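Q: Before we start, here is the structure in question, set down as structure tokens.
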Amino acid sequence: MRSKSAILVILLSAAVAVLSGCKAEEQGRPTTYEKGVYGGKADKKLTGEQVRSLRHRGGLQRQ
Numbered sequence: 002m003r004s005k006s007a008i009l010v011i012l013l014s015a016a017v018a019v020l021s022g023c024k025a026e027e028q029g030r031p032t033t034y035e036k037g038v039y040g041g042k043a044d045k046k047l048t049g050e051q052v053r054s055l056r057h058r059g060g061l062q063r064q
């Protein structure tokens with residue numbers, strides 16, 4: 002009787018582990034990719050202030 006309970010617990014634990022991988026936010030995402038093609042959204046153009054800030058931070062790394 003104990004072994005049946007243990008097997009049941011193991012099977013239920015395995016079922017929970019498998020089903021937890023089926024998250025709603027992961028459904029409909031791309032699963033195939035084309036080499037060399039970016040499938041995400043296009044980047045926004047940086048403002049002048051953002052470019053200056055990045056150049057300043059890059060300069061700090063060279064020191």
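Its first residue numbered 2, the sequence shown is counted upward by one per residue in my numbering. Idealized CB from N, CA, C, for every residue including glycine. Predicted model only: the values in this text are computed from it and were never measured.
#1: Specify the secondary structure class of ARG56 as computed by DSSP and reduced to three states.
#2: Give a yes or no on whether 7 Å exceeds the smallest Cβ distance from ILE11 to chain D.
#3: Suppose contacts are defined by Cβ-Cβ distances below 7 Å. Is PRO31 in contact with GLY22 by that definition?
A: On the basis of the coordinates in this document:
#1: Position 55 of the sequence shown, counted from the start, is the residue given in the question as residue 56. Here ARG56 sits in helix by DSSP.
#2: Among the protein chains of the structure shown there is no chain D, as only one such chain exists.
#3: If you number the sequence shown from 1, residue 31 lands on position 30. If you number the sequence shown from 1, residue 22 lands on position 21. No, these two residues do not count as a Cβ contact at 7 Å.
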